[in-house]
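What follows is a short report on a single structure.
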Amino acid sequence: MTMVEEGEMAHSHSTLSDDPVLPQWRLICIGFSLAFGLFISLLDTTIVATALYTIGADLKSFNQINWVALAYTLAYLGCAVIFARLADITGRRNAYIAAFLIFFAFSLGCGFAQTLNQLIVCRVLQGIGGSGLYSLTFVIFPEILPPSKVQMIGAMAGAVVAIAGILGPVLGGIITHYTTWRWIFWINAPMGIGPLILFIIAWPKPHQIRHIPLRSIRELDVIGALLIIAASVLVVFSFQGAGLQPDSWHTALFIAPLTIGCLCYIALFIWEILVSRFWEDSFATMFPLRLMKRRVYMGYVLTTLLGGFPYFLIIYTLPLRLQVVNDKSQLIAGVALLPMIGSVAVASTLAGIINTRKSYIFPTLLIGSLLMVIGAATLSTLDNVLEIEPKMYGFQVFMGLGFGLTVSTVSLGGALECELRDNTVAQGIIAQVRVLGGSIGIAAATAIQSVTQRRDLSGIITEQQLASLQDSAKNMTPEQLFAVRKAYSDSFSLSLKVCAALAGAGALATFMTWQRRPVDFHIRREEQAREERERLEKEGLTRARIDADEVSEKGKVAS
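Residue 1 is where the sequence shown starts when you use full-length UniProt numbering, and the numbers rise one by one after that.
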C-alpha cells in the first residue's frame, strides 16, 4: 500500500472516531443557516394553504388552484433524494448554495406570475430548490455536529417543522388579508439573503469537518432519478386530473397515468436491485438495496408515507372549509390552525428528548399514529354550521400531537438504521415519502371535493360560478349558498374518513419498527463508526491490490 493510501485511510479513521474541530461561531452560524433553510422550505408548503381561495379568485381558476400546492410538493418530492445524491458529487456547500439560489429566484418568479400556468411553473422550480434545502439540512447537520450532539437533530427538526407549520397558514392569512397574496412569495428573498451569506462565510475549513469523499458525476443514478420523478408525478396527477373532469374514474385520464406511475415504481425497484447487485461501485443509487432489506427502516418509510397523507390534507382543506362553510376570512382560517400546529411543536420536541435518552421509538410511533386516527376521525364529525364549532380546536390537538410524535422520531430512527455512507439518501427518502403521502392527500381531497360538488350542486349553480366562487357567492341566493356550504362540508368529512383509515394503516405499519432489544443511540453510533472504518479499510486494501496488479501487468508487458 502506498503512503498516500495509508494517509487517506488514517484520515478516514480520525474523521470517524474524533469529533470535528469546528469553532463555536462557525457551528452556530451554519446551524442557524441550515435551520432557516429548513424552515423556509417547509413554510412554503403551507403558507399558500390560506391563500388558495384568494389566488384562485384573482387568477380566475378556482377549480385547478390546488395545483399551486401540488406543483411545489411534487417537485419537493421528486428531487429530495436527487439533491442529496448531488451533494455527494458536487460537495455539501455547493449543493446547498445552489438550492438556496434556485429557491429564492423562483420565489420572486411566483410573485410576478400573471397566470395560473406561470405560477405553477415557478412553483415547480421553487420546489426543486426547496427539496434541496430540506434534504441537505439532514445531511450536513450530522457531519458538522460532534457525535455527542447528533441526537439533538431530531428535536431541532421537530421544532422547525412545527414553527414553520404554525407560521405558514397564519402568515399566509395575514399577508393575504392586509396586502396582496404575491408577498407570500416575494418575502422569501429579503429573508434569505442574510442566512445565505452567513452560510458561505462560516463554512468550515477542510480540517474542521469530517472528510466525505466526493463521487463522480458519472456515478449519479440518472435512470433511478427519472423513474422516481415519473412515478411520483404520474400517480398524483391521476387523482388530481380525475377530480377535475366529470366521470373520469373509468377513463384513460385516470387509469393511464396511475398504471404507468405504478409500473415506474416497479421498474425503479427492479433497477435498484440490478444496480446493487452488479454495478454498486459504479452508481450512487437512489434507493440502495441494503436499505430495502432493513425491516425497521422500511417501517419508518411506510409509517411516514401514511402519516403525510392526513397531515397535509388537513393543512390545505381545513382553511378552505373555514372560508367556504364558515364564511371566515383568510386571517381567521390561518389562526384557527394554531391548536393543531402548536401541538406538533410540543410533541415533536418531546419525542426528540425522550428518544435520545433511551430508545422508545416503537411506542412513540404507535401512540402518534393512533392519535392521528383519533384526530382525523373526530374532525370528520364537524357539522355544516356557519359558526366554528369549539370542538374543532380540540380535535386538531389530537392530529398535531400524533404527527409531532412521529416526525422527529422517524428522523432519529432513520439515522440509526442505516450505514454511515447511506445517511444522506436515507434521510432524503424519508423526506420524500412524507411529501409523497401529502401530495396524494391533496390530490385525493381535490378528487373527493370535485365529485361531491358535481353530485350535490348539479343544477343548482353553474361551473362558471364554482370556478370563481369568491366573486359569484355575492350574487347567490341563500339556498344556493347553503348547498355550496353543504357540499364542501360533506367532501371534507369524507376526506377525513379516508385519512382516519390511512392513519390506522400507519399504526399497523409501526409494528415493523418493533425490536426485542431496542438499540441504544450512543452504542449504535459507535457501531456505525466501526463498520464504516472496516468498510474503508477493505476498500483501501482492495484498491491497493488492483493498483499492484496493474503495475505488475505493466512490468510484464515492458519485459
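All residues carry an ideal CB built from backbone N, CA and C; glycine is no exception.
Would you call the region 119 to 131 in contact with the region 69 to 89, where contact means no fewer than 3 C-beta pairs closer than 8 Å?
yes
Measure the C-alpha to C-alpha separation of Leu-268 and Ile-429 and round it to an integer number of angstroms.
14 Å
Kindly provide the ranges of any alpha helix (DSSP H) runs that are 4 or more residues long and lie completely inside the region 46 to 107, ordered along the chain.
52 to 58 and 66 to 90
Measuring CA to CA, which of Leu-234, Phe-287, Ile-270 and Phe-492 is closest to Phe-254?
Leu-234
Report the three-state DSSP secondary structure of Leu-220 (helix, strand or coil).
strand
Apart from the five residues just before and just after Thr-510, which ones in its own chain have a Cβ nearer than 6 Å to its Cβ?
Thr-303, Leu-365, Leu-366 and Ser-369
When we look at the beta-carbon of Glu-272 and count the other beta-carbons within 10 Å, is it buried (16 or more) or exposed?
buried
Pick from Ser-489, Ser-348, Val-301 and Thr-54: whose alpha carbon is nearest that of Val-161?
Ser-348
Decide if the region 51 to 70 is in contact with the region 85 to 101; the criterion is three or more beta carbon pairs, one per stretch, under 8 Å apart.
no
In the DSSP assignment, the alpha helix (DSSP H) including Glu-419 goes from what residue to what residue?
Note, Glu-419: premise wrong, no alpha helix (DSSP H); not H, not E.
Sort Phe-362, Asp-383, Ala-500 and Val-335 by Cα distance to His-46 and report the nearest one.
In the sequence under discussion, the amino acid at residue 46 is Thr, which differs from the His named in the question. Considering only alpha carbons, the answer is Val-335.
Starting from Gly-192, trace the alpha helix (DSSP H) in both directions and tell me its first and last residue.
188 to 202
Inter-stretch contact (C-beta, 8 Å, three-pair minimum) for the region 504 to 518 and the region 305 to 324:
yes
What is the C-beta distance between Ser-343 and Gly-400, in whole angstroms, given that I count them as a contact (C-beta under 8 Å)?
3 Å
Nearest neighbour of Ile-30, chosen from Thr-513, Leu-136, Ile-332 and Ile-229 [CA to CA]
Leu-136
Using a 10 Å radius around the Cβ and a threshold of 16 neighbouring Cβ atoms, would you call Phe-309 buried or exposed?
buried
Distance CB(Leu-320)-CB(Tyr-53) smaller than 8 Å:
yes
Cα separation between Phe-362 and Met-286?
27 Å
Hey, would you say Phe-36 sits closer than 8 Å to Cys-110, going by beta carbons?
no
Should Cys-122 be labelled buried (16 or more other beta-carbon atoms within 10 Å of its own) or exposed?
buried
C-alpha distance - Arg-530 paired with Glu-537, whole-angstrom precision
11 Å
CB-CB under 6 Å to residue 561, same chain, minus the five flanking residues each way: which ones, in chain order?
This structure cannot settle anything about residue 561, because the visible part of the chain is limited to 1 through 559.
Residue from Leu-119, Leu-196 and Thr-90 whose Cα sits closest to the Cα of Asp-58:
Leu-119
Compare the C-alpha of Ala-49 against each of Arg-92, Val-170, Leu-220 and Thr-356 and name the closest.
Val-170
Nearest CA to the CA of Arg-182: which residue from Phe-239, Leu-108, Cys-262 and Thr-409?
Leu-108
Grouping DSSP H, G and I as helix and E and B as strand, with all else coil, what is Leu-16?
Confidence at Leu-16 is low in this model, with a pLDDT of 46, below 50, so its placement is unreliable and no value can be given for it.
Label Asn-117 either buried or exposed according to how many other C-beta atoms from any shown protein chain fall within 10 Å of its C-beta, with 16 as the threshold for buried.
exposed
Simplified DSSP state of Val-233, which is helix, strand or coil
helix
Can you grab the Cα-Cα spacing for the pair Ser-329 / Ser-489, in whole Å?
17 Å
Looking only at its chain, what residues have a beta carbon closer than 7 Å to the beta carbon of Leu-386, apart from the 5 residues adjacent to it on each side?
Asn-326 and Asp-327
Below 8 Å between beta carbons: does that hold for Leu-331 and His-177?
yes
Anyone know if the C-beta pair for Ala-431 and Cys-418 falls short of 8 Å?
no
If you draw a straight line from the C-alpha of Gly-299 to the C-alpha of Thr-180, how long is it?
43 Å
C-beta contact flag for Gly-375 and Phe-395 at 8 Å:
yes
Once the 5 residues before and after Ala-377 are set aside, which same chain residues still bring their CB inside 7 Å of it?
Ala-500
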